[in-house]
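First the structure, in the form of C-alpha cells, and then the observations on it.
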Amino acid sequence: MKLFEYQAKETFRKNGIPTPQSMLITSVDELGAASDMTGFPLVLKSQLLMGGRGKAGLIRFVKDRAQAEEECAQLFASYYNVKKILVEQAVHIKSEIYLSITVDPVAAKHMIIACADGGVEIETLAETAPEKIIREYIDPDSGISPYQMRNVAFQLGLNGDVMKKFSSVLGKLYTAFKANDAELIEINPLFITGDEDVVAGDGKLSIDDNSDFRQNTYEKTREYYDSDAEYESALEGIPYLQFDGDISLMCAGAGLTTTVYDLINYEGGTVANYLEFGGPNYKKAVRAMELCLKNESKVILVVTFGTIARADVMAEGIVEAINRLKPDRPIVTCIRGTNEEEANRILKDAGLVPLYDTEEAVRKAVSIAAGGDA
Amino acid sequence: MSIFIDENTKVLVQGITGKEGRFWTDHMIGCGTNVVAGVTPGKEGQKVEGREVYHSVRRAVEQEDVEASMLFVPPRFTKDAVFEALDSGIKKIVTVADGIPLHDAIQIRKAALLEGALVIGGNTSGVISPGKAMMGFFPYWIERVYKPGRIGIMTRSGSLTNEVTAMVVKAGFGVTSLIGIGGDPVPGTRFAEMLPFYEADDETDAVVLIGELGGSMEEECAQMKRDGLFTKPLVAFLGGRTAPEGKRMGHAGAIVSGGKGSVKDKIEAIESVGGKVAERPRFVGDYLKELLGQ
Chain A
1 MKLFEYQAKE TFRKNGIPTP QSMLITSVDE LGAASDMTGF PLVLKSQLLM
51 GGRGKAGLIR FVKDRAQAEE ECAQLFASYY NVKKILVEQA VHIKSEIYLS
101 ITVDPVAAKH MIIACADGGV EIETLAETAP EKIIREYIDP DSGISPYQMR
151 NVAFQLGLNG DVMKKFSSVL GKLYTAFKAN DAELIEINPL FITGDEDVVA
201 GDGKLSIDDN SDFRQNTYEK TREYYDSDAE YESALEGIPY LQFDGDISLM
251 CAGAGLTTTV YDLINYEGGT VANYLEFGGP NYKKAVRAME LCLKNESKVI
301 LVVTFGTIAR ADVMAEGIVE AINRLKPDRP IVTCIRGTNE EEANRILKDA
351 GLVPLYDTEE AVRKAVSIAA GGDA
Chain B
1 MSIFIDENTK VLVQGITGKE GRFWTDHMIG CGTNVVAGVT PGKEGQKVEG
51 REVYHSVRRA VEQEDVEASM LFVPPRFTKD AVFEALDSGI KKIVTVADGI
101 PLHDAIQIRK AALLEGALVI GGNTSGVISP GKAMMGFFPY WIERVYKPGR
151 IGIMTRSGSL TNEVTAMVVK AGFGVTSLIG IGGDPVPGTR FAEMLPFYEA
201 DDETDAVVLI GELGGSMEEE CAQMKRDGLF TKPLVAFLGG RTAPEGKRMG
251 HAGAIVSGGK GSVKDKIEAI ESVGGKVAER PRFVGDYLKE LLGQ
C-alpha cells in the first residue's frame, strides 16, 4: 500500500526525522490557519499518489495570502480531483539529496540508495548517470551500523555537522523502514538548508500488503485508488487493472492473465480490464463478473488452468454468475485444470461453448469484439 | 537423475495435519513421493497416511532420516517454519505459502544462503519430477502436462506453467524436473541458482524458463550462459511483453526492480547468449526442436 506524502511525513516525524512545518487542509477555508502556522512563503502540495506532481503543476510555491488563496482554489478545482493539500513552510534550500531504502532480492539484504543530485527520479538517473548512485547494503539481521551511515554521508560529500545530522536521519529512516514493513521508503528530495539542517522535503512510503496482519495502520479507502472498480476489487482482494478497450479479462493466475493480455494485443484486440480470480479467489466468479460488467466491454474472456482452483468449481461459479447477473454480452470460456471434464460438462449444460485452447479463445474474443458472431 | 527430488528423497511435511497438508500429503504419496513423517506442534502421536506426526522438526529428525521438508504452513508462520527446518540441518525446503511478508522473505533467503540450503518458494506450486515424486501441489494427474521426459522447467507462475508445459508436451517432449521458483519479489532460490543442477543432470537436454516482466532473474540466467556455467539449450516464455509501463501487472516481483526488468531487456539478454524467447506458449516446443536439432 502506497501512502500519501503527508502520511509518510507523519511516520518520519514519529521517528524523529525533521520535516518542514506543515498542516493538511481539505478546503480553502482552512488555508488561513495553516499559513498562520507556516508563514510565507509557503508551498501548496496536492496529496495525490501519482508521481511527477511538480511537472503536472500540482505543487505551487506561493508568496502571499492572495496568491495562496487563488492557487489553492485552483488546485481543489483541478482535473486531478485533489481532496487534500499539504500546506508547508518554504525552506531555504542549499542543496538536495536523494535517499531511499528498499530490498535487494539477490543479495538478500536491505539496500540504501543515495545520490547527491536530489529531486530527480532515481529510475532516470539509473539510466543516464548510474555512476552517481550510491548503494550501501545492510544485513537484515544485524541492522545498520554507524559506519554504514558515515559511508553514505562521505560519499555524498557531506562533512561536519551536516554529516552527523544526515547520519541521524538515515538511521531513523532505516528504523522506520523496518518497523513499517516497507517495500520502499524514500526522501526525495532531502533538503540541506541554509542553516545546515537536514529536512525531509518529500516522503514516499509503500507498505508491503503481505504484512497487513502486523501493520494494518491505514484503512484501504477509495482515495488510494484511481477508479471505483480498482477500489472495490482491492477490498475483495481481487487483482484488477482498468483499461479502456473491448475485452474484459476474467482469468486465473498472474502469469496466465498477463499472457492472455499479450495474446489479445498480438491479435489486434484491446483489453477493457485485467482481472484475476484464481488462487484464493477462485470461488468469487460472481463478484469478478460483476466487476467486468461495470466496463463498457463487448465480451468477457475467461481463461484458467488451475490446480487448487478447481476447474469444475470455477465453471459452476461462471454459470451461477450468468444466472444471477444476466450479462448483456457474450462470454468466451477456456477452463482447464483439475476436474476439467466436469467443468466442460457444466458449461455445456448451461448452453456455453467451452474452448480448450487459449489462443483459440483469444481469437474468438477478439473476433466478437470486432463485431463477429458469438 | 532428477533435480531436487526423486522417488528416494526422504520428505518431511511441516503442517501435515492441516486440511491442505493432509490433502496434498495424500497426493504426494500417491504420485510416488517418499514421505517419511510429519510435524504439527501439539499433535505428536497422531498419524497421517500411516506416517508418524511429531511436535517439532527436531523431534522428527531424531527418529527419522529426513532430506527435505515440505511446508504447508500459513505465510505469517513460514519464516519460523523455515528456520526450524534449517536448524535441524535440512537443506532442501519447499514453501507454497502465498503472502509471505517481504521482510520475512529477505531473512529467509539470507538464512538459506548462510546454511547452504535451497529454499524453494513461496508463492509457488512447488517442485515435481513427473513420474517420480513431488513436493507441493501440482495436478500431476493431467497427463498432457505432467509427462516424464528430458526437459527441465523453471517457473515463476502457477497456471501459466500448466499452459506452457502442456505445449512442451504437445510438441512431443516431457519433463525431468519442474521447479516452481514462485512469484514473490524475493524468492528463496533464484532461477540461476538452479541452472547448475540442470547442467549436471544427464537426463536433462534443455531448460525452459517461464518468466515474466519485473526483477532480474532471467538476466541472471543469461549471465550464467555467457559465463559458460550453463551450456544446454535455453528457451524462455515471458509474460508481459505488451504490458503498459507503470501498471503493476503479473506477480508482485516488479516493485523492487527499480526501473529494470522490462520484457524487452530480458529478451535481449537471453537472445544475446543464443537462447530463444517464444512469443507465444505454443512456440516453445518449436524452439526446443530447433535447438535440439530434432
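If you read the protein sequences in the order shown, they are chains A and B.
The opening position of the first sequence corresponds to residue 1 in my numbering, with each subsequent residue numbered one higher.
The opening position of the second sequence corresponds to residue 1 in my numbering, with each subsequent residue numbered one higher.
Note that the Cβ used here is the ideal one computed from N, Cα and C, for glycine as well.
Whose C-beta lies closer than 6 Å to the C-beta of A192 of chain B among residues of the same chain, with five residues either side of it excluded?
-> The residue you call residue 192 of chain B lines up with position 192 of the second sequence. Cβ within range, chain order: E220, C221, M224.
Can you tell me the Cα-Cα spacing of E196 of chain A and P189 of chain A, whole angstroms?
-> The count along the first sequence starts at 1 and reaches residue 196 of chain A at position 196. The count along the first sequence starts at 1 and reaches residue 189 of chain A at position 189. The alpha-carbon of E196 of chain A is positioned some 15 Å away from that of P189 of chain A.
Please confirm whether A285 of chain A and G317 of chain A have their CB atoms less than 9 Å apart.
-> Position 285 of the first sequence holds residue 285 of chain A. Position 317 of the first sequence holds residue 317 of chain A. Yes, Cβ-Cβ distance for A285 of chain A and G317 of chain A is below 9 Å.
Apart from the five residues on each side of it in sequence, which residues of its chain come closer than 6 Å, Cβ to Cβ, to P18 of chain A?
-> Here residue 18 of chain A refers to the residue found at position 18 of the first sequence. Within the same chain, and ignoring the five residues on either side of P18 of chain A in sequence, the residues whose Cβ sits closer than 6 Å to its Cβ are V199.
Is there contact here, the segment 259–275 of chain A with the segment 305–312 of chain A, by at least three beta-carbon pairs under 8 Å?
-> no
State the start and end residues of the unbroken alpha helix (DSSP H) segment that holds Y174 of chain A.
-> Residue 174 of chain A sits at position 174 when you count from the first residue of the first sequence. Unbroken alpha helix (DSSP H) run through Y174 of chain A: 160–179.
9 Å Cβ cutoff met for I3 of chain B and T124 of chain B | Position 3 of the second sequence holds residue 3 of chain B. Position 124 of the second sequence holds residue 124 of chain B. No. Outside cutoff.
Determine the closest residue to I295 of chain B out of B:V35, B:T78, B:E290, with distance taken between C-alpha atoms.
-> Given a span of 1 to 294 for chain B in the structure shown, any question on residue 295 of chain B remains unanswerable.
Along chain B, which residues have their Cβ under 7 Å away from the Cβ of K308 of chain A?
-> Taking the first residue of the first sequence as 1, we reach residue 308 of chain A at position 308. This sequence places Ile at residue 308 of chain A; Lys is not what is there. Per Cβ cutoff of 7 Å: F137.
Label N159 of chain A either buried or exposed according to how many other C-beta atoms from any shown protein chain fall within 10 Å of its C-beta, with 16 as the threshold for buried.
-> The sequence position of residue 159 of chain A within the first sequence is 159, counting from 1. Answer is exposed; the Cβ neighbour count stays below 16.
Looking at V119 of chain B and I108 of chain B, is the spacing between their C-beta atoms short of 9 Å?
-> By 1-based counting over the second sequence, the position of residue 108 of chain B is 108. By 1-based counting over the second sequence, the position of residue 119 of chain B is 119. It is a contact, given that the beta carbons lie within the stated cut-off.
If you drop the 5 nearest sequence neighbours on each side, which residues of the same chain put their C-beta closer than 7 Å to that of K283 of chain A?
-> If you number the first sequence from 1, residue 283 of chain A lands on position 283. So the qualifying residues of the chain are V313, G317.
Would you verify that the beta carbon of F277 of chain A is, or is not, closer than 9 Å to some beta carbon of chain B?
-> Start at 1 with the first residue of the first sequence, and residue 277 of chain A comes out as number 277. False, the Cβ-Cβ gap to chain B never drops below 9 Å.
Which value, in whole angstroms, describes the spacing of the CA atoms of G203 of chain A and S78 of chain A?
-> Counting from one through the first sequence, the residue named residue 203 of chain A turns up at place 203. Counting from one through the first sequence, the residue named residue 78 of chain A turns up at place 78. In a straight line, the C-alpha of G203 of chain A is about 23 Å away from that of S78 of chain A.
K266 of chain B and P233 of chain B closer than 9 Å at C-beta = For the purposes of this step, residue 266 of chain B is identified with residue 266 of the second sequence, where counting begins at 1. For the purposes of this step, residue 233 of chain B is identified with residue 233 of the second sequence, where counting begins at 1. Going by C-beta atoms, K266 of chain B is not nearer than 9 Å to P233 of chain B.
K55 of chain A: buried (16+ other C-beta within 10 angstroms of its C-beta) or exposed?
-> Stepping through the first sequence from its first residue, residue 55 of chain A is reached at position 55. So K55 of chain A ends up on the exposed side.
For M28 of chain B and chain A, any beta-carbon pair shorter than 9 Å?
-> Along the second sequence, one-based indexing puts residue 28 of chain B at 28. M28 of chain B does not count as touching chain A.
Taking one C-beta from the segment 95–106 of chain A and one from the segment 116–136 of chain A each time, how about it: are there three or more such pairs within less than 8 Å?
-> yes
Element boundaries [beta strand (DSSP E), containing P189 of chain A] = In the first sequence, the residue the question calls residue 189 of chain A occupies position 189. Here the beta strand (DSSP E) through P189 of chain A covers 182–193.
Could you tell me the boundaries of the alpha helix (DSSP H) in which F83 of chain B lies?
-> As a first step, residue 83 of chain B is located in the second sequence; it is residue number 83 there, counting from the start. Unbroken alpha helix (DSSP H) run through F83 of chain B: 75–87.
Comparing alpha-carbon positions, which option in B:T33, B:E268, B:S262, B:T189 lies nearest F116 of chain B?
-> Counting from one through the second sequence, the residue named residue 116 of chain B turns up at place 116. It is worth fixing the name first, because residue 116 of chain B is Gly in this sequence and not Phe. Considering only alpha carbons, the answer is B:T189.
Assumed close pair S56 of chain B, V82 of chain B - CB separation to whole angstroms, cut-off 8 Å | To locate residue 56 of chain B, count along the second sequence from 1; it is residue 56. To locate residue 82 of chain B, count along the second sequence from 1; it is residue 82. Wrong, their Cβ atoms sit about 14 Å apart, outside the cutoff.
How many Å lie between G180 of chain B and S367 of chain A at the Cα?
-> For the purposes of this step, residue 180 of chain B is taken as residue 180 along the second sequence, with counting starting at 1. For the purposes of this step, residue 367 of chain A is taken as residue 367 along the first sequence, with counting starting at 1. Answer to the nearest angstrom: the Cα atoms are 35 Å apart.
For G372 of chain A, which option in A:K326, A:D246, A:E88, A:M111 has the closest C-alpha, if you only look at C-alpha atoms?
-> Along the first sequence, read from residue 1 onward, the residue named residue 372 of chain A stands at position 372. Nearest option by C-alpha distance: A:D246.
Measure the CB-CB distance between V11 of chain B and E67 of chain B and report whether it falls below 9 Å.
-> For the purposes of this step, residue 11 of chain B is taken as the residue at position 11 of the second sequence. For the purposes of this step, residue 67 of chain B is taken as the residue at position 67 of the second sequence. Yes.
Could you name the residues of the segment 131–152 of chain A whose beta carbon sits closer than 8 Å to any beta carbon of chain B, in the order they occur along the chain?
-> D139, P140, D141
First through last residue of the alpha helix (DSSP H) which encompasses M217 of chain B | Taking the second sequence and counting its residues from 1, the one referred to as residue 217 of chain B is at position 217. Boundaries of the alpha helix (DSSP H) around M217 of chain B: 217–226.
Could you tell me the boundaries of the alpha helix (DSSP H) in which V284 of chain B lies?
-> Residue 284 of chain B sits at position 284 when you count from the first residue of the second sequence. Per DSSP, V284 of chain B belongs to the alpha helix (DSSP H) from 283–291.
Which stretch, first to last residue, makes up the alpha helix (DSSP H) that contains Q74 of chain A?
-> Position 74 of the first sequence, counted from the start, is the residue given in the question as residue 74 of chain A. Per DSSP, Q74 of chain A belongs to the alpha helix (DSSP H) from 65–76.
C-alpha distance - N210 of chain A paired with M28 of chain B, whole-angstrom precision = Against the first sequence, residue 210 of chain A aligns to sequence position 210. Against the second sequence, residue 28 of chain B aligns to sequence position 28. Taking the straight line joining both Cα atoms gives about 28 Å.
Residues bridged to C115 of chain A (per DSSP) = By one-based count along the first sequence, residue 115 of chain A stands at place 115. Note: C115 of chain A sits in a beta bridge opposite A:Y98.
Between the segment 159–183 of chain B and chain A, which residues of the former have a C-beta closer than 7 Å to a C-beta of the latter?
-> S159, L160, N162, E163, G183
Note the first and the last residue of the continuous beta strand (DSSP E) segment covering Q89 of chain A.
-> Taking the first sequence and counting its residues from 1, the one referred to as residue 89 of chain A is at position 89. Unbroken beta strand (DSSP E) run through Q89 of chain A: 85–89.
Between the beta-carbon of I144 of chain A and the beta-carbon of Y174 of chain A, is there less than 9 Å?
-> Within the first sequence, the letter at position 144 stands for residue 144 of chain A. Within the first sequence, the letter at position 174 stands for residue 174 of chain A. Yes, the pair counts as a contact, with Cβ atoms nearer than the cut-off.
Residues from the segment 231–246 of chain B in contact with chain A, defined by Cβ distance under 7 Å | G239, G240, R241, T242, A243
Contacts of T338 of chain A in chain B (Cβ-Cβ under 7 Å) = Here residue 338 of chain A is taken as the residue at index 338 of the first sequence, counted from 1. Neighbours of T338 of chain A in chain B, taken as residues whose beta carbon is under 7 Å from its own, are P139 in chain order.
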